[in-house]
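Scroll down for the structure; my scribbles are underneath it.
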Amino acid sequence: MPRLPAGFTWGAATSAFQIEGALTEDGRGASVWDTFTATPGKVRDGHTAATACDHYHRYEDDVALLRRLGVDAYRFSIAWPRVQPAGAGPANGPGLDFYDRLVDALLDAGVAPMPTLYHWDLPQALEDRGGWLDRDTAHRFAEYAALAAARLGDRVRHWITLNEPFEHMALGYALGQHAPGHAYLLDALPAAHHQLLGHGLATAALRAAGAPHVMLTNSYTPVVPAGESEEDAEAALAYDTLHRRLFTDPVLLGAYPDLGGFGLGGDLPFVADGDLDRIAAPLDGLGVNYYNPTRVTAPDGTTPLPFAIAEFEDADTTDFGWPVVPAGLTRTLLDLTADYGDALPPLWVTENGCSYGTGPGPDGRVRDQARVDYLEAHVEAVAAAVDQGADVRGYLVWSLLDNFEWAEGYHQRFGLVHVDFDTQVRTPKDSFDRYAALIRDQRP
Ligand code: FCB
80 MPRLPAGFTW GAATSAFQIE GALTEDGRGA SVWDTFTATP GKVRDGHTAA
130 TACDHYHRYE DDVALLRRLG VDAYRFSIAW PRVQPAGAGP ANGPGLDFYD
180 RLVDALLDAG VAPMPTLYHW DLPQALEDRG GWLDRDTAHR FAEYAALAAA
230 RLGDRVRHWI TLNEPFEHMA LGYALGQHAP GHAYLLDALP AAHHQLLGHG
280 LATAALRAAG APHVMLTNSY TPVVPAGESE EDAEAALAYD TLHRRLFTDP
330 VLLGAYPDLG GFGLGGDLPF VADGDLDRIA APLDGLGVNY YNPTRVTAPD
380 GTTPLPFAIA EFEDADTTDF GWPVVPAGLT RTLLDLTADY GDALPPLWVT
430 ENGCSYGTGP GPDGRVRDQA RVDYLEAHVE AVAAAVDQGA DVRGYLVWSL
480 LDNFEWAEGY HQRFGLVHVD FDTQVRTPKD SFDRYAALIR DQRP
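First residue of the sequence shown: 80, per our numbering; consecutive thereafter.
Below is the structure:
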């Protein structure tokens with residue numbers, strides 16, 4: 080295994096709705112995901128996150144697992160509806176108390192807390208007023224960021240504003256596969272802008288509270304044209320514009336890419352004067368979530384989109400059906416480095432992982448060799464990118480625990496730790512031990 084530079088940060092990641100449970104405790108308000116999971120037909124087999132990993136009550140056990148894993152950092156998310164049950168107004172003290180306890184437990188364990196302020200659990204009260212399609216949500220988000228920083232900023236150094244605004248827009252507002260469940264296709268675009276504006280305003284709020292390290296986490300995927308044709312190449316470029324450049328150019332370059340290919344040439348009506356300056360506030364790092372490349376072909380005429388998604392035919396796939404292509408991570412990191420040049424802050428792989436359903440064998444051991452292989456290959460892929468000039472500062476595995484995987488419910492298991500959702504018994508898998516050893520070997 081090649082060595083990553085000294086000072087490289089090793090970590091693991093989770094998110095609030097996927098692990099916490101305790102959805103009505105200590106004054107938490109409902110989120111769009113509470114509503115979505117309660118809507119028949121939205122989540123596979125009607126699974127809900129009512130208990131999930133019961134992390135809200137078992138966080139000390141989970142911090143002990145992080146300590147045993149030997150990670151430097153833990154990326155978790157703060158549930159906005161715990162802090163502001165209706166998405167506005169003063170902080171709900173008991174809700175923030177939970178994160179206060181978690182942060183202290185992490186620091187005691189020698190693990191740096193890395194909270195994400197928004198991992199898709201919008202307070203339902205804000206959705207009732209338009210959610211991310213409404214500009215006001217951006218301002219509410221900054222207000223919430225200020226409340227979180229006022230309470231935790233004396234101990235938290237690393238902040239992440241949003242998780243994957245592309246996925247949230249695409250799955251939540253364009254295709255209806257995630258909460259809040261809208262299928263507005265290209266009319267979902269204001270949800271991109273308002274999330275980015277929220278990111279910019281929240282960054283200013285975090286800075287005002289003295290936050291020393293602020294990042295945005297995007298999902299990235301290298302785009303592969305399905306064939307050799309000019310049309311496939313154009314479709315690949317269009318997909319890259321929507322997935323990557325729409326969420327990166329404004330933040331790093333202060334301008335939107337040309338959306339002419341989407342029938343949106345010229346000024347975007349929802350962008351107000353001064354927005355781009357706010358969105359382009361300097362960052363200390365860019366979070367990169369990578370799972371797989373995307374194969375794209377010319378549009379098939381069934382949607383207004385200038386591309387169609389094609390299957391990978393010759394790659395191994397995880398239980399989720401996602402192709403396993405470690406070289407795609409190297410390429411993602413190198414493409415960002417080449418395409419954004421001096422405008423690019425240091426990169427952090429804030430999520431990378433795989434779904435395999437392997438459970439405990441008769442001896443209780445979870446032999447998830449496929450995840451061990453995935454993990455090793457992707458860490459090597461990061462090292463290869465660093466070798467070729469990418470400035471990468473950290474790598475965080477998705478996920479510490481098997482958890483509630485959104486529309487798939489508990490059917491996809493991404494954890495280094497197996498969770499029995501009937502008993503809440505946690506069993507570290509072989510991949511947990513392999514990651515712990517890898518981290519130990521990387522220490523100077
Ligand atoms: C990412 C999400 C994360 C998890 C993984 C598998 O898109 O950020 O919450 O669901 O996918």
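For every residue, glycine included, the Cβ atom is placed at its ideal position computed from N, Cα and C.
Run the proximity test for residue i: is its beta-carbon closer than 6 angstroms to any non-hydrogen atom belonging to the ligand FCB?
i: W477; result: yes
i: E246; result: yes
i: N431; result: no
i: E243; result: yes
i: S530; result: Given that the chain is displayed from residue 80 to residue 523, the structure contains no residue 530 and the question cannot be resolved.
i: S94; result: yes
Excluding the 5 residues preceding and the 5 following residue i in the sequence, name in chain order all residues of the same chain whose CB lies nearer than 7 angstroms to its CB.
i: G232; result: A288, G289 and A290
i: R492; result: S434, Y435, G436 and D481
i: A462; result: P81 and L83
i: A456; result: P405
i: G468; result: T416
Please say whether residue j and residue i have beta carbons closer to each other than 7 angstroms?
i: Q521; j: L145; result: no
i: H540; j: Y489; result: With the chain represented from 80 up to 523, any question about residue 540 goes unanswered, as that position is not in the structure.
i: G277; j: F220; result: yes
i: F349; j: H272; result: yes
i: G106; j: P164; result: yes
i: A158; j: D200; result: yes
i: A351; j: R374; result: no
i: L196; j: T240; result: yes
i: A305; j: T376; result: yes
i: F483; j: A128; result: yes
i: L454; j: S510; result: yes
i: G594; j: V162; result: Residue 594 lies beyond the residue range present for the chain, which begins at 80 and ends at 523; the question has no answer from this structure.
i: G473; j: T88; result: yes
i: L265; j: Q256; result: no
i: G100; j: A131; result: yes
i: T282; j: A360; result: yes
i: G260; j: F115; result: yes
i: A270; j: M248; result: yes
i: Y370; j: Y299; result: no
Throw me the rounded Cβ distance for the residue i and residue j pair, which I believe falls under 8 angstroms.
i: T216; j: F155; result: The pair is not a contact, with the Cβ atoms about 22 angstroms apart (cut-off 8 angstroms).
i: V428; j: V367; result: 5 angstroms
i: A91; j: L479; result: 4 angstroms
i: P192; j: V235; result: 5 angstroms
i: P372; j: P329; result: Incorrect: roughly 24 angstroms between the Cβ atoms, too far for contact.
i: G364; j: M294; result: 4 angstroms
i: Q203; j: D113; result: 7 angstroms
i: I98; j: H136; result: Not confirmed; about 11 angstroms, so no contact.
i: V111; j: A258; result: 4 angstroms
i: E430; j: W477; result: 4 angstroms
i: V465; j: V471; result: 5 angstroms
i: L212; j: Y252; result: 7 angstroms
i: T506; j: V445; result: 6 angstroms
i: L185; j: L331; result: Wrong, their Cβ atoms sit about 30 angstroms apart, outside the cutoff.
i: G420; j: I358; result: Actually they are not in contact, since the Cβ atoms of G420 and I358 sit about 19 angstroms apart, beyond 8 angstroms.
Below 6 angstroms, is the gap between the Cβ of residue i and the nearest heavy atom of the ligand SAH?
i: G306; result: Ligands present in the displayed structure are limited to the ligand FCB, and the ligand SAH is not among them.
Can you give me the Cβ contacts of residue i inside the same chain, cut-off strictly under 6 angstroms, excluding the 5 residues immediately before and after it?
i: P244; result: Q274 and F326
i: A225; result: A284
i: P160; result: R107, G108, S110 and P202
i: W310; result: One detail in the question is off: residue 310 reads as Glu in this sequence, not Trp. Excluding sequence neighbours, E310 sits near A377.
i: G166; result: P202, A204, L205 and R219
Leaving aside the five residues before and after residue i along the sequence, list all residues of the same chain whose C-beta is less than 8 angstroms from its C-beta, in chain order.
i: R180; result: Y138
i: P378; result: A314, L384, P385, F386 and A387
i: D140; result: R505
i: R286; result: V293 and A360
Does the beta carbon of residue i sit closer than 7 angstroms to a beta carbon anywhere in chain C?
i: D481; result: As a matter of chain content, chain C is missing from the structure shown, which is built from one protein chain.
In the stretch 341 to 376, which residue ranges form an unbroken alpha helix (DSSP H) of at least 4 residues, counting only runs that do not cross its ends? The DSSP assignment places complete alpha helix (DSSP H) segments of no fewer than 4 residues inside the stretch 341 to 376 at 354 to 358, in order along the chain.
In chain order, each alpha helix (DSSP H) run of at least 4 residues that lies wholly inside the stretch 130 to 162: 134 to 148 and 159 to 162
Quick check for students: name the residue ranges of the beta strand (DSSP E) that lie wholly in the stretch 375 to 403, counting only runs of 3 or more. 387 to 389
Any chance you could list the alpha helix (DSSP H) runs of at least 4 consecutive residues sitting entirely within the stretch 420 to 455, in chain order? Runs found: none.
Report the start-end ranges of each beta strand (DSSP E) in the stretch 168 to 213 that is 3 residues or longer and not cut off at the edges. If only uninterrupted beta strand (DSSP E) runs of at least 3 residues are considered, those enclosed by the stretch 168 to 213 are 191 to 197.
Can you give, in chain order, each stretch of the beta strand (DSSP E) that sits fully within the stretch 207 to 291 and has at least 3 residues? 237 to 242
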